[in-house]
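Below: one structure, written as structure tokens.
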Amino acid sequence: MIMVMVAGLPFFLAWVLMQNPQWITSRSNYGTLVVPPVTTKREQFQGADLFSKQNIGELKGHWILINLVFDADCSKTCQQAIHSSKQIRLMMNKDLVRLRRMVVVTDRYNRAKGGDWWQRDNRLLKVIADESITAKLKRIIESDKQQGQLLVMDPLGNIMLFYNAGFDPYGVKKDLKKLLRASQIG
Numbered sequence: 004m005i006m007v008m009v010a011g012l013p014f015f016l017a018w019v020l021m022q023n024p025q026w027i028t029s030r031s032n033y034g035t036l037v038v039p040p041v042t043t044k045r046e047q048f049q050g051a052d053l054f055s056k057q058n059i060g061e062l063k064g065h066w067i068l069i070n071l072v073f074d075a076d077c078s079k080t081c082q083q084a085i086h087s088s089k090q091i092r093l094m095m096n097k098d099l100v101r102l103r104r105m106v107v108v109t110d111r112y113n114r115a116k117g118g119d120w121w122q123r124d125n126r127l128l129k130v131i132a133d134e135s136i137t138a139k140l141k142r143i144i145e146s147d148k149q150q151g152q153l154l155v156m157d158p159l160g161n162i163m164l165f166y167n168a169g170f171d172p173y174g175v176k177k178d179l180k181k182l183l184r185a186s187q188i189g
């Protein structure tokens with residue numbers, strides 16, 4: 004009798020959970036999957052400063068955290084998102100070498116008005132995207148006014164995850180850990 008109960012209990016629990024899906028509230032990811040993923044090429048991004056021009060080749064073969072700045076300046080929310088992406092990269096521990104950070108700005112970005120984050124962060128790639136990729140990015144975020152979003156690009160150049168402004172850095176870290184554990188590239 005005990006053997007039947009021990010063997011039957013998992014099936015009974017599975018049946019009960021299947022009948023009551025509202026009891027399961029956990030989720031598997033924190034970001035929004037970009038469907039279909041936006042494919043990019045390295046040539047669509049140009050370095051906006053000397054460091055970025057010299058190191059733009061680091062985009063190839065790495066996972067990229069992308070912050071977007073479509074306005075002439077970077078608001079407090081935008082600067083917080085850029086700082087959070089830096090902290091996320093540092094939290095990745097041994098996977099730190101597989102991850103790079105990039106900020107996409109428009110050609111109308113005003114460095115003087117935008118804050119001191121531009122000069123402070125000397126490991127951040129600052130790039131200007133061409134018009135076609137900028138239009139695709141605006142479609143993903145569904146706006147060109149809101150700031151502070153984060154995108155994740157895989158080593159093959161596919162933008163695949165999107166986080167709204169005010170994202171939880173620990174949620175992004177959990178998503179990245181899952182992706183990097185499963186990924187054999189980058």
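The numbering of the sequence shown is my numbering, which starts it at 4 and goes up by one. From the three backbone atoms N, C-alpha and C, an ideal C-beta is built for every residue, glycine too.
The C-beta of Ala-17 has fewer than 16 other C-beta atoms within 10 Å across all chains shown, which makes the residue exposed.
It is roughly 34 Å from the alpha-carbon of Gln-90 to the alpha-carbon of Trp-26. Contact fails between the segment 94-102 and the segment 159-169, because fewer than three Cβ pairs, one in each stretch, are under 8 Å apart. Judged by their CB atoms, Ile-59 and Leu-127 are not nearer to each other than the 9 Å cut-off.
Collapsing the DSSP output to three states places Asn-167 in coil. By the neighbour-count criterion, in which 16 or more other beta carbons inside 10 Å mark a residue as buried, Phe-15 falls on the exposed side.
In terms of Cα proximity to Ile-162, the closest of Val-37, Leu-99, Pro-24 and Ile-5 is Val-37. If you look at Pro-40, you'll find it in the beta strand (DSSP E) that goes 35-42. Around the C-beta of Ser-55, 16 or more other C-beta atoms lie within 10 Å, and the residue is accordingly described as buried. Of the residues Lys-176, Gly-174, Gln-150 and Val-175, the one whose Cα lies closest to the Cα of Phe-73 is Gln-150. Residue range 53-58 is occupied by the alpha helix (DSSP H) that includes Asn-58. Rounded to the nearest angstrom, the Cβ distance from Leu-164 to Gly-34 is 4 Å, consistent with a contact under 8 Å. By the neighbour-count criterion, in which a residue is buried when 16 or more other Cβ atoms sit within 10 angstroms of its Cβ, Gln-152 is buried.
With distances taken between CA atoms, Thr-42 lies nearest to Leu-159 out of Lys-180, Leu-159 and His-86. The C-alpha of Val-7 lies about 11 Å from the C-alpha of Pro-13.
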